[in-house]
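> When we follow this note's numbering, the leftmost residue of the sequence shown carries the number 79, and every step to the right adds one. Note that beta-carbon positions come from the ideal geometry of N, C-alpha and C, so glycine has one too. Quick caveat: nothing in here was measured; it's all calculated off a predicted structure.
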Amino acid sequence: MSADLAAMKRIVVKIGSALLVDTRRQTLNRTWLHALGDDLARLRARGQEVIVVSSGAIALGRNVLGLGGGVLQLEESQAAAAVGQVSLAHAYQSVLAERGISAAQVLLTLSDTEQRRRYLNARNTISALLRLGALPVINENDTVATSEIRYGDNDRLAARVAGMVSADCLVLLSDVDGLHTGSPVRNPDAELIADVHAITPEITAVAGDSDTRVGSGGMVSKLEAARIVLGAGCQMVIAKGSVLHPLSRLEEGGLRTWFHTSASPLAARKSWIAGSLEPAGLLTIDAGAVRALKRGKSLLPAGVSAVTGDFARGDAVRVCAAGGAELARGLVAYDCHDAARIIGHKSREIEAILGYRGRDEIIHRDDLVLTG
Numbered sequence: 079m080s081a082d083l084a085a086m087k088r089i090v091v092k093i094g095s096a097l098l099v100d101t102r103r104q105t106l107n108r109t110w111l112h113a114l115g116d117d118l119a120r121l122r123a124r125g126q127e128v129i130v131v132s133s134g135a136i137a138l139g140r141n142v143l144g145l146g147g148g149v150l151q152l153e154e155s156q157a158a159a160a161v162g163q164v165s166l167a168h169a170y171q172s173v174l175a176e177r178g179i180s181a182a183q184v185l186l187t188l189s190d191t192e193q194r195r196r197y198l199n200a201r202n203t204i205s206a207l208l209r210l211g212a213l214p215v216i217n218e219n220d221t222v223a224t225s226e227i228r229y230g231d232n233d234r235l236a237a238r239v240a241g242m243v244s245a246d247c248l249v250l251l252s253d254v255d256g257l258h259t260g261s262p263v264r265n266p267d268a269e270l271i272a273d274v275h276a277i278t279p280e281i282t283a284v285a286g287d288s289d290t291r292v293g294s295g296g297m298v299s300k301l302e303a304a305r306i307v308l309g310a311g312c313q314m315v316i317a318k319g320s321v322l323h324p325l326s327r328l329e330e331g332g333l334r335t336w337f338h339t340s341a342s343p344l345a346a347r348k349s350w351i352a353g354s355l356e357p358a359g360l361l362t363i364d365a366g367a368v369r370a371l372k373r374g375k376s377l378l379p380a381g382v383s384a385v386t387g388d389f390a391r392g393d394a395v396r397v398c399a400a401g402g403a404e405l406a407r408g409l410v411a412y413d414c415h416d417a418a419r420i421i422g423h424k425s426r427e428i429e430a431i432l433g434y435r436g437r438d439e440i441i442h443r444d445d446l447v448l449t450g
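Following this line, the structure appears as structure tokens:
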């Protein structure tokens with residue numbers, strides 16, 4: 079895949095507290111945020127989908143609550159987050175609205191990207207927001223999370239989001255230009271590594287040596303983020319975020335480190351479905367559905383003749399022809415009980431049968447991979 083931000087269709091941009099908040103005054107850096115807003119609007123204007131993963135709630139809230147600059151107790155961090163999330167959401171809403179963009183706040187923790195049902199709910203919500211033209215601004219739900227506050231998993235959360243939404247690129251805006259051969263703070267002769275094609279032991283060692291530990295994360299956490307996104311078929315770039323218009327600077331050839339993958343997000347996702355998930359059930363389909371799947375179509379309820387197994391929405395299931403031969407595997411959009419009620423019916427009849435409007439497909443083509 080091309081290491082060109084302009085070529086990416088879906089982009090996740092991660093913003094740390096040190097960029098968004100003036101650390102001396104613990105107030106919002108409005109000039110920087112407005113410049114970022116210009117960058118986001120420019121990407122959107124040329125048809126790219128953008129998701130922001132932002133920190134900053136605790137930093138903003140602690141100032142409002144008069145908590146000072148010392149180390150906070152856990153409950154103080156959570157209280158600061160509760161206050162700061164209001165200010166943070168309003169700041170993004172105001173800046174984006176000036177540019178004709180609707181902002182949407184989504185609060186997540188790492189567990190929301192790891193537990194299947196919550197993962198699906200979050201993925202579907204973000205996909206719907208993008209389809210409707212909104213720009214999702216995702217914050218860590220620090221009010222209820224604990225490990226994220228203690229260990230600063232902002233980079234890893236952004237990587238999980240990028241994988242969850244099948245993003246083409248994750249941009250980590252940092253306090254440095256990228257990965258160096260040593261710490262640029264301690265060693266002025268440390269050289270920037272412009273491109274990384276594989277996370278080798280040597281690269282891991284370099285990340286430890288170059289880790290500046292600015293903010294809650296550091297270069298080691300960014301390398302962990304790279305492991306996650308590269309496995310999901312997503313490119314990643316680390317670039318200096320403290321400058322005005324950081325995304326424009328990146329596109330104009332500013333210093334950066336690109337982490338490359340040869341896989342696409344869709345191919346990586348289908349590989350995961352086919353080889354990493356244990357099927358929890360089985361759907362038997364008719365000859366018409368077999369032909370449709372082989373043409374790259376989704377699996378509709380009308381083409382399913384039988385449901386076997388005890389599975390929940392989002393579980394992996396096998397898809398077999400009437401004779402028992404496996405044709406495909408996929409992530410099912412209904413649990414076994416609801417699936418059994420709608421099979422053989424047209425998609426337009428689902429709401430009348432179940433009492434709610436579900437998906438038209440039992441398995442969407444993006445969640446299905448042919449295996450036989």
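Compute the beta-carbon to beta-carbon distance between residue 269 and residue 259, rounded to the nearest angstrom, for a pair I have assumed lies under 8 Å.
5 Å
> What residue range does the beta strand (DSSP E) around residue 318 cover?
313 to 318
> Considering only their Cβ atoms, is the gap separating residue 411 from residue 437 smaller than 7 Å?
A contact, by the Cβ cut-off of 7 Å.
> What is the rounded straight-line gap between the Cα of residue 300 and the Cα of residue 234?
Put simply, the backbone Cα of residue 300 is about 7 Å away from that of residue 234.
> Is the region 151 to 168 touching the region 117 to 124, taking contact as three or more C-beta pairs under 8 Å?
no
> Can you give the Cα-Cα distance for residue 415 and residue 97, rounded to whole angstroms?
49 Å
> Quick one: any contact between the region 396 to 405 and the region 366 to 386, if contact means 3 or more CB pairs under 8 Å?
yes
> Could you tell me which residues DSSP puts in a beta bridge with residue 92?
131, 250
> What three-state label does DSSP hand residue 172 in the structure shown?
helix
> Could you tell me the alpha carbon to alpha carbon distance between residue 332 and residue 317, rounded to whole angstroms?
8 Å
> Expressed to the nearest angstrom, what Euclidean distance is found between the alpha-carbon atoms of residue 359 and residue 446?
14 Å
> Excluding the 5 residues preceding and the 5 following residue 418 in the sequence, name in chain order all residues of the same chain whose CB lies nearer than 7 Å to its CB.
Cβ neighbours of residue 418 beyond the five flanking positions: 385.
> Suppose you measure from the CA of residue 127 to the CA of residue 88; what does that come to, to the nearest Å?
5 Å
> Are the Cβ atoms of residue 439 and residue 376 separated by less than 7 Å?
yes
> State the beta-bridge partners of residue 336 as determined by DSSP.
Answer by DSSP bridge pairing, in chain order: 273, 315.
> Using the rule of at least 16 other Cβ atoms within 10 Å of the residue's Cβ for burial, across every protein chain shown, is residue 433 buried or exposed?
Around the Cβ of residue 433, a 10 Å sphere holds fewer than 16 other Cβ atoms; the residue is exposed.
> Grab the span of the alpha helix (DSSP H) containing residue 302 for me, first residue to last.
297 to 309
> Label residue 218 either buried or exposed according to how many other C-beta atoms from any shown protein chain fall within 10 Å of its C-beta, with 16 as the threshold for buried.
buried
> Is it true that the CB of residue 95 sits closer than 7 Å to the CB of residue 134?
One thing to note: residue 134 has its Cβ within 7 Å of the Cβ of residue 95.
> What does the Cβ neighbour count give for residue 227, buried or exposed, with the cut at 16 atoms within 10 Å?
Caution applies to residue 227, whose pLDDT of 46 falls short of 50 and renders its modelled position unreliable; the value that the coordinates give is listed next. Counting Cβ neighbours within 10 Å, residue 227 comes out buried, since at least 16 surround it.
> By the DSSP assignment, the alpha helix (DSSP H) with residue 196 in it spans what residues?
194 to 209
> Just list the residues that DSSP pairs residue 105 with in beta bridges.
100
> Within the continuous alpha helix (DSSP H) that includes residue 264, where are the two ends?
Taken as a continuous stretch (DSSP letters only), residue 264 belongs to no alpha helix (DSSP H), as it is neither H nor E.
> Reducing DSSP to helix, strand and coil, say where residue 369 ends up.
helix
> If you run the structure through DSSP and keep just helix, strand and coil, what is residue 216?
strand
> Assuming contact is defined by CB atoms lying nearer than 7 Å, are residue 239 and residue 271 in contact in what I supplied?
no
> Since residue 343 and residue 394 should fall inside the 8 Å C-beta cutoff, what is the C-beta to C-beta distance between them, to a whole number of angstroms?
Rounded, the Cβ-Cβ distance is 18 Å, inconsistent with contact.
> Let me know the secondary structure DSSP gives residue 139 once reduced to three states.
helix
> Within 10 angstroms of its Cβ, does residue 392 collect 16 or more other Cβ (buried), or is it exposed?
buried
> At which residues does the beta strand (DSSP E) containing residue 184 begin and terminate?
181 to 186
> May I have a chain-ordered list of the beta strand (DSSP E) segments no shorter than 3 residues that lie completely inside the region 346 to 402?
359 to 363, 382 to 387, 394 to 398
> Looking at C-alpha atoms only, which residue of 213, 205, 406, 274 is the closest neighbour of residue 242?
Out of 213, 205, 406, 274, 205 has the C-alpha closest to the C-alpha of residue 242.
> Which residues bound the alpha helix (DSSP H) around residue 327?
324 to 329
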